[in-house]
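Data block below; observations after.
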Amino acid sequence: CALPIWELTMPPMILDGNAAASHLRDALRQKIAALAAQGKQPGLAVVLVGENPASKVYVANKARQTKEIGMLSVEHRLPAETSEADLLALVEQLNHDPAIHGILVQLPLPEHINAEKVLESISPDKDVDGFHAVNAGKLAIGMNALVPCTPLGSVYLAKMYRKDLSGLHAVVIGRSNIVGKPVAQLLLQENCTVTIVHSRTKNIADICRQADLLVAAIGKPLFVGADMVKDGAIVIDVGINRVSKPDGGSKIVGDVDFDAVKEKTAAITPVPGGVGPMTIAFLLANTLRAFELSEARTQ
Ligand code: GUN
64 CALPIWELTM PPMILDGNAA ASHLRDALRQ KIAALAAQGK QPGLAVVLVG ENPASKVYVA
124 NKARQTKEIG MLSVEHRLPA ETSEADLLAL VEQLNHDPAI HGILVQLPLP EHINAEKVLE
184 SISPDKDVDG FHAVNAGKLA IGMNALVPCT PLGSVYLAKM YRKDLSGLHA VVIGRSNIVG
244 KPVAQLLLQE NCTVTIVHSR TKNIADICRQ ADLLVAAIGK PLFVGADMVK DGAIVIDVGI
304 NRVSKPDGGS KIVGDVDFDA VKEKTAAITP VPGGVGPMTI AFLLANTLRA FELSEARTQ
């Protein structure tokens, strides 16, 4: 056979988000230690309203990792019946607090609070989620912005397999403001040809099969099957879906049917342990970035 064996078959690279996030936190820890030597400390405030169990776990993880790399972590846990006015007042106080460089209001918020109004009240300079219209607009026109964490983590993992994404056809499944739209913007900046598909798209499977890089961000468990994936594609699974098991328990699965798809791919993220851990790592990176921007403004 003239073909070397490595052209016939290669195992997929499993893109390990736990290892990548740990590597990123090590780099951040070093930078924060250097700042500490100058008597400086970036600070992140996380605001949780109500008792959503998943949100409580996320917020506890964010606070633990923030402290663990040497940043200041301030948690505000407010009761579910907190008024919108009280929440806006807290955000305003944090906007003016010189010890706080990043503000994150955990979503979802209770129904009686207008989430858009709250997110827009966060100073764009402290908007470490990158959800403010100013940051979304800056990202869209290629200006320096605070960029949403999950999209950053997704692109980072794709680039672990292939540094240069230029010219690839990237297909993003989902058009949310939190993931779909910003990840499409980042991939455009990486010189991909970007297609976004969503619930009203015709022939989703046909389009996905054309993807060199497939990003699944729709929140539908195991939506992407082997029939939707091109041989040798890079597959990034943003989904975190809790599903019941036959034995009565539950488990977390992604938007991609990992077991069905993985042998077709060149590289794929697992769930859990893929994009999820990267989101918090980039939240910490964004907080350091917001700190650096604030230092630059005062010089
Ligand atoms: N809820 C789930 N993910 C996120 C996130 O990335 N940011 C915020 N603020 N809330 C979330």
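According to the numbering used here, the stretch in the sequence shown is residues 64 to 362, in order. Glycine is no exception: its CB is placed at the ideal position from the N, C-alpha and C atoms. The structure displayed is predicted, hence computed values, not measured ones.
So, are the CB atoms of residue i and residue j less than 9 angstroms apart?
{"i": "F110", "j": "L220", "result": "Note that residue 110 is Val in the sequence shown, not Phe. Not closer than 9 angstroms, so no."}
{"i": "V62", "j": "L250", "result": "Residue coverage of the chain in this structure runs from 64 to 362, which leaves residue 62 outside it and unanswerable."}
{"i": "L231", "j": "S184", "result": "no"}
{"i": "P284", "j": "G312", "result": "no"}
{"i": "G80", "j": "G216", "result": "yes"}
{"i": "G288", "j": "V257", "result": "no"}
{"i": "A143", "j": "E114", "result": "yes"}
What three-state label does DSSP hand residue i in the structure shown?
{"i": "G200", "result": "helix"}
{"i": "G106", "result": "strand"}
{"i": "D188", "result": "helix"}
{"i": "M223", "result": "helix"}
{"i": "H86", "result": "helix"}
{"i": "S136", "result": "strand"}
{"i": "L285", "result": "coil"}
{"i": "I390", "result": "Given a span of 64 to 362 for the chain in the structure shown, any question on residue 390 remains unanswerable."}
{"i": "V210", "result": "coil"}
May I have the straight-line CA-CA distance separating residue i from residue j, to the nearest angstrom?
{"i": "S118", "j": "L172", "result": "10 angstroms"}
{"i": "D160", "j": "I267", "result": "47 angstroms"}
{"i": "M149", "j": "A359", "result": "It is worth fixing the name first, because residue 149 is Asp in this sequence and not Met. If I take the Cα positions, the gap works out to 31 angstroms."}
{"i": "D310", "j": "L182", "result": "40 angstroms"}
{"i": "T129", "j": "F194", "result": "20 angstroms"}
{"i": "K201", "j": "L209", "result": "9 angstroms"}
{"i": "H168", "j": "I315", "result": "Per the sequence presented here, residue 168 reads as Val, with His not at that position. Near 24 angstroms, if we compare the C-alpha coordinates of I315 and V168."}
{"i": "L228", "j": "Q252", "result": "10 angstroms"}
{"i": "R305", "j": "G282", "result": "10 angstroms"}
{"i": "E355", "j": "S186", "result": "15 angstroms"}
{"i": "L157", "j": "W69", "result": "55 angstroms"}
{"i": "F345", "j": "T213", "result": "8 angstroms"}
Label residue i either buried or exposed according to how many other C-beta atoms from any shown protein chain fall within 10 Å of its C-beta, with 16 as the threshold for buried.
{"i": "A296", "result": "buried"}
{"i": "K189", "result": "buried"}
{"i": "H164", "result": "buried"}
{"i": "Q248", "result": "buried"}
{"i": "T361", "result": "exposed"}
{"i": "P211", "result": "buried"}
{"i": "K244", "result": "buried"}
Can you pull the DSSP bridge partners for residue i?
{"i": "K314", "result": "V306"}
{"i": "H232", "result": "T256"}
{"i": "M76", "result": "A330"}
{"i": "A279", "result": "I236, D300"}
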